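Protein chains in written order, with this note's numbering: chain S, 9 to 249; chain P, 9 to 249. Note that CB positions come from ideal geometry on N, CA and C, so glycine has one too. The structure displayed is predicted, hence computed values, not measured ones.
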DNA sequence: TGATCAATTATACGAGCGAAGAATTGCACA
DNA sequence: TGTGCAATTCTTCGCTCGTATAATTGATCA
């Protein structure tokens with residue numbers, strides 16, 4: 009398993025004479041493609057192996073470029089990682105908005121759609137939890153990232169609280185806040201368990217549980233939207249009632 | 009900010025002549041104390057800065073010893089980190105058991121006590137979430153740790169499911185499982201948010217929310233145990249019923 | 001009291017890290 | 001068709017990492 013020559017890079021097996029290392033083929037691409045590839049590569053590596061796995065060499069290899077290119081597009085490895093995190097957050101909040109724009113105006117239906125969108129791909133994703141965990145410490149120690157994180161978190165919770173308020177029940181404002189916290193926690197918990205213990209749950213199971221739990225917390229019935237939530241029906245029957 | 013002499017360790021300012029580095033004072037201690045100190049140091053560092061912050065040198069420094077000692081008590085740094093994780097898991101499950109042994113036999117009271125114990129220190133701890141996140145990837149890639157993790161997780165959820173079953177309501181078994189998943193998710197979510205956004209919540213707030221939410225999901229009232237849960241009363245009133 | 005030995009510290013090594021800058025390459029435009 | 005220049009690769013540097021092992025220290029016991 010030892011390299012033959014001690015210091016020369018291993019040449020790939022093409023036509024080159026031994027001892028003369030090949031230069032990697034030079035391929036141009038657009039700035040957008042390169043940035044996107046680097047961000048994707050960084051996210052994958054963090055999701056799979058944590059911050060420690062995202063070295064400049066590993067990121068470059070996965071993106072199909074050489075390490076030096078990272079610092080051509082980003083001032084430092086840290087800047088790339090920050091950019092990747094922001095891109096992640098923006099992507100996740102956008103998904104929530106999309107789900108809402110796709111359904112009608114009935115408040116309970118909209119809430120149900122929002123919950124379902126949170127508990128299915130691409131939000132419910134084994135990679136996502138790994139990414140989230142990998143960034144946790146960095147977020148807590150970097151003021152810029154922390155601000156971005158909190159705004160993203162509160163945006164989600166506020167959106168949820170608004171949907172709850174739109175139900176039109178008669179509850180005082182303070183109660184509304186704690187309901188939003190509770191529902192948010194339930195969705196977070198289901199999202200987390202579904203993302204980590206991927207194959208402990210059947211496809212639509214978490215959505216059903218989420219709808220029933222949030223419905224119970226709020227005192228409304230969210231289970232009547234089979235039409236809009238295709239996963240439902242698979243596992244609902246086997247539980248009775 | 010540059011060291012004066014390039015290769016000599018900086019001597020602490022006591023009586024030594026310049027250029028002659030002092031040897032650290034030799035202090036003996038019991039094996040148990042050393043192991044405990046190293047495990048504690050490793051946990052703190054992982055909790056604060058993630059896996060990457062837990063280097064042998066940093067761990068040794070925090071434990072008040074020199075790096076070499078780590079490999080005197082553990083075969084490798086990885087073994088120390090594994091040991092620290094197992095110790096963490098054992099500690100947390102033990103806390104749950106303790107909470108249960110301290111209350112009476114009424115099923116709803118026991119469930120309420122269990123929930124409250126989950127949502128207050130030492131389980132609810134800013135460090136805990138950081139630790140958990142730091143270990144996530146290591147757990148997923150190390151079969152031994154994964155087994156330990158899953159058994160610990162399922163032990164918690166089974167305990168919760170048992171407490172729910174003891175309520176004596178008339179629900180089919182499959183429904184019981186999904187209720188346990190839902191309650192567990194709610195507690196996880198509250199625990200996580202409380203641990204990360206420490207000062208967004210008043211002391212007993214999360215406990216009240218947890219009791220009310222789980223109660224709503226299960227269709228029982230868990231809010232009647234002020235006597236056993238001292239935090240309640242502080243924030244219950246301000247929300248109106 | 002002095003020899004022994006485990007506990008502890010100190011030193012050294014090779015590997016991999018992020019960063020910096022020099023060396024190449026192919027495209028755009030004259 | 002050639003030339004300038006940005007995009008990309010390559011090389012190198014200083015640093016820190018985990019590990020290995022040698023050197024020291026203080027308690028134990030004959």
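**Request:** Determine whether the Cβ of residue 78 of chain S lies closer than 8 angstroms to any Cβ atom of chain P.
**Result:** Looking up residue 78 of chain S in the first chain gives position 70. Chain P contact via Cβ: absent.
**Request:** Write down the C-beta distance between residue 145 of chain P and residue 142 of chain S rounded to the nearest angstrom, noting that I regard them as a contact closer than 8 angstroms.
**Result:** Counted from its first residue, the second chain places residue 145 of chain P at position 137. Counted from its first residue, the first chain places residue 142 of chain S at position 134. Going by Cβ atoms, the distance from residue 145 of chain P to residue 142 of chain S rounds to 7 angstroms, so yes, they are a contact pair.
**Asked** Going along the region 79-110 of chain S in order, which residues come within less than 8 angstroms of chain P, judged by CB to CB distance?
**Response** none
**Request:** Use the C-beta contact count for residue 206 of chain P: other C-beta atoms within 10 angstroms, 16 or more gives buried, fewer gives exposed.
**Result:** The sequence position of residue 206 of chain P within the second chain is 198, counting from 1. The residue in question, residue 206 of chain P, is exposed, as its Cβ has fewer than 16 Cβ neighbours within 10 Å.
**Message:** Can you pull out the residues from the region 109-140 of chain S whose beta carbon lies closer than 7 angstroms to at least one beta carbon of chain P?
**Reply:** Residues passing the 7 angstroms Cβ filter: 138.
**Request:** Determine the contact status of residue 95 of chain P and residue 70 of chain P, defining contact as a CB-CB distance below 8 angstroms.
**Result:** Stepping through the second chain from its first residue, residue 95 of chain P is reached at position 87. Stepping through the second chain from its first residue, residue 70 of chain P is reached at position 62. Going by C-beta atoms, residue 95 of chain P is not nearer than 8 angstroms to residue 70 of chain P.
**Item:** 7 angstroms CB neighbourhood of residue 46 of chain S in its chain, flanking five on each side removed
**Value:** Taking the first residue of the first chain as 1, we reach residue 46 of chain S at position 38. For residue 46 of chain S, where only same-chain residues beyond five positions count, the Cβ hits under 7 angstroms are 67, 71, 78, 81 and 88.
**Prompt:** Hey, out of S/134, S/174, S/54 and S/58, whose CA is closest to residue 113 of chain S's CA?
**Reply:** Residue numbering aside, residue 113 of chain S sits at position 105 when the first chain is read from its first letter. Looking at the Cα atoms, S/174 is the closest of the given residues.
**Prompt:** Considering only the beta carbon of each residue, do residue 123 of chain P and residue 232 of chain P sit closer than 8 angstroms?
**Reply:** Position 115 of the second chain, counting from 1, holds the residue named residue 123 of chain P. Position 224 of the second chain, counting from 1, holds the residue named residue 232 of chain P. 8 angstroms or more divides the Cβ of residue 123 of chain P from the Cβ of residue 232 of chain P.
**Asked** What does residue 60 of chain S reach in chain P if we use C-beta pairs closer than 9 angstroms?
**Response** By one-based count along the first chain, residue 60 of chain S stands at place 52. Result: 58, 59, 60 and 145.
**Request:** Taking C-beta pairs closer than 9 angstroms, name the residues in chain S that residue 66 of chain P reaches, listed in chain order.
**Result:** Here residue 66 of chain P refers to the residue found at position 58 of the second chain. Within 9 angstroms Cβ-Cβ: nothing; residue 66 of chain P doesn't reach chain S, min ~14 angstroms.
**Message:** Distance check for residue 97 of chain P and residue 170 of chain P, CA to CA, integer angstroms please.
**Reply:** If you number the second chain from 1, residue 170 of chain P lands on position 162. If you number the second chain from 1, residue 97 of chain P lands on position 89. In a straight line, the C-alpha of residue 170 of chain P is about 20 angstroms away from that of residue 97 of chain P.
**Message:** Beta-carbon within less than 8 angstroms of residue 204 of chain P's beta-carbon, same chain only, minus the 5 sequence neighbours each way: which residues are those?
**Reply:** The residue given as residue 204 of chain P occupies position 196 in the second chain. Closer than 8 angstroms at the Cβ level, and outside the excluded window around residue 204 of chain P, lie 134 and 137.
**Prompt:** Counting along the chain, where does the alpha helix (DSSP H) carrying residue 169 of chain S start and finish?
**Reply:** Here residue 169 of chain S refers to the residue found at position 161 when the first chain is read from its first residue. Where residue 169 of chain S is concerned, the enclosing alpha helix (DSSP H) stretches over 151-173.
**Asked** Does the beta carbon of residue 6 of chain P come closer than 8 angstroms to any beta carbon on chain S?
**Response** The displayed coordinates of chain P run from 9 to 249. Any statement about residue 6 of chain P would go beyond what the structure contains.
**Request:** Taking C-beta pairs closer than 9 angstroms, name the residues in chain S that residue 253 of chain P reaches, listed in chain order.
**Result:** Coverage of chain P is limited to positions 9 through 249, which leaves residue 253 of chain P absent and any answer about it impossible.
**Asked** When the distance is taken between beta carbons, is residue 51 of chain S closer than 8 angstroms to residue 92 of chain S?
**Response** Numbered from its first residue, the first chain carries residue 92 of chain S at position 84. Numbered from its first residue, the first chain carries residue 51 of chain S at position 43. Less than 8 angstroms divides the Cβ of residue 92 of chain S from the Cβ of residue 51 of chain S.
**Prompt:** Starting from residue 213 of chain P and walking both ways along the alpha helix (DSSP H), at which residues does that stretch end?
**Reply:** Taking the first residue of the second chain as 1, we reach residue 213 of chain P at position 205. 213-226 is the span of the alpha helix (DSSP H), which, as asked, contains residue 213 of chain P.
**Asked** Is there at least one Cβ from chain P nearer than 8 angstroms to residue 53 of chain S's Cβ?
**Response** Here the question's residue 53 of chain S lines up with position 45 in the first chain. It does not: the Cβ of residue 53 of chain S has no partner Cβ on chain P nearer than 8 angstroms.
**Interface partners of residue 37 of chain S on chain P, CB under 8 angstroms** = Numbered from its first residue, the first chain carries residue 37 of chain S at position 29. Going along chain P, no residue has its Cβ under 8 angstroms from residue 37 of chain S, so there is no contact; the nearest lies around 30 angstroms.
**Beta-carbon separation (whole angstroms), residue 132 of chain S vs residue 199 of chain S, contact threshold 8 angstroms** = Here the question's residue 132 of chain S lines up with position 124 in the first chain. Here the question's residue 199 of chain S lines up with position 191 in the first chain. Their Cβ separation, rounded to whole angstroms, is 6 angstroms, which keeps residue 132 of chain S and residue 199 of chain S in contact under 8 angstroms.
**Request:** Tell me, to the nearest whole angstrom, how far the beta carbon of residue 228 of chain P is from that of residue 191 of chain P; I am working on the premise that it is less than 8 angstroms.
**Result:** Start at 1 with the first residue of the second chain, and residue 228 of chain P comes out as number 220. Start at 1 with the first residue of the second chain, and residue 191 of chain P comes out as number 183. Rounded to whole angstroms, the Cβ separation of residue 228 of chain P and residue 191 of chain P is 11 angstroms, and the two are not in contact under 8 angstroms.
**Asked** Is the shortest distance between the beta-carbon of residue 233 of chain S and the beta-carbons of chain P less than 8 angstroms?
**Response** For this step, residue 233 of chain S is matched to residue 225 along the first chain. Not one chain P Cβ lies under 8 angstroms of residue 233 of chain S.
**For residue 211 of chain S and residue 150 of chain P, the rounded distance between their alpha carbons** = As a position in the second chain, residue 150 of chain P is number 142, starting the count at 1. As a position in the first chain, residue 211 of chain S is number 203, starting the count at 1. So the two alpha carbons sit approximately 26 angstroms from each other.
**Asked** The alpha helix (DSSP H) with residue 51 of chain S in it runs from where to where?
**Response** One-based indexing of the first chain puts residue 51 of chain S at position 43. Run containing residue 51 of chain S: 39-57, per the alpha helix (DSSP H) assignment.
**Message:** Between residue 215 of chain P and chain S, is the shortest Cβ-Cβ distance under 8 angstroms, so that the two count as touching?
**Reply:** On the second chain, position 207 is the one that residue 215 of chain P refers to. No, residue 215 of chain P does not count as interfacial toward chain S.
**Request:** Compare the beta carbon distance of residue 239 of chain S and residue 128 of chain S with 8 angstroms and say whether it is the shorter of the two.
**Result:** Counting from one through the first chain, the residue named residue 239 of chain S turns up at place 231. Counting from one through the first chain, the residue named residue 128 of chain S turns up at place 120. Yes.
**Message:** Determine whether the beta carbon atoms of residue 116 of chain P and residue 230 of chain P lie at a separation below 8 angstroms.
**Reply:** If you number the second chain from 1, residue 116 of chain P lands on position 108. If you number the second chain from 1, residue 230 of chain P lands on position 222. Closer than 8 angstroms, so yes.
**Item:** Start and end residues, alpha helix (DSSP H) containing residue 109 of chain S
**Value:** One-based indexing of the first chain puts residue 109 of chain S at position 101. From DSSP, the alpha helix (DSSP H) with residue 109 of chain S extends over 85-109.
**Contacting residues, own chain, Cβ-Cβ under 8 angstroms from residue 185 of chain P (five flanking each side not counted)** = By one-based count along the second chain, residue 185 of chain P stands at place 177. 169.
**Prompt:** From residue 140 of chain P to residue 32 of chain P, what does the alpha carbon distance come to, in whole angstroms?
**Reply:** By 1-based counting over the second chain, the position of residue 140 of chain P is 132. By 1-based counting over the second chain, the position of residue 32 of chain P is 24. Computed Cα separation, rounded: 34 angstroms.
**Request:** Compare the C-beta of residue 207 of chain P against all C-beta atoms of chain S and say whether one is closer than 8 angstroms.
**Result:** One-based indexing of the second chain puts residue 207 of chain P at position 199. Taking Cβ atoms only, chain S never reaches closer than 8 angstroms to residue 207 of chain P, which makes this a no.
**Prompt:** Interface residues of chain P around residue 201 of chain S at Cβ under 8 angstroms?
**Reply:** Indexing the first chain from 1 puts residue 201 of chain S at position 193. Simply 189, 192, 193 and 196.
**Item:** Short CB-CB distance (under 8 angstroms) between residue 224 of chain P and chain S
**Value:** In the second chain, counting from the first residue as 1, residue 224 of chain P sits at position 216. Cβ-Cβ to chain S under 8 angstroms: yes for residue 224 of chain P.
**Asked** Taking Cβ-Cβ distances shorter than 8 angstroms, what residues in chain P pair up with residue 159 of chain S?
**Response** Counting from 1 along the first chain, the entry for residue 159 of chain S is found at position 151. Simply none; closest approach about 13 angstroms.
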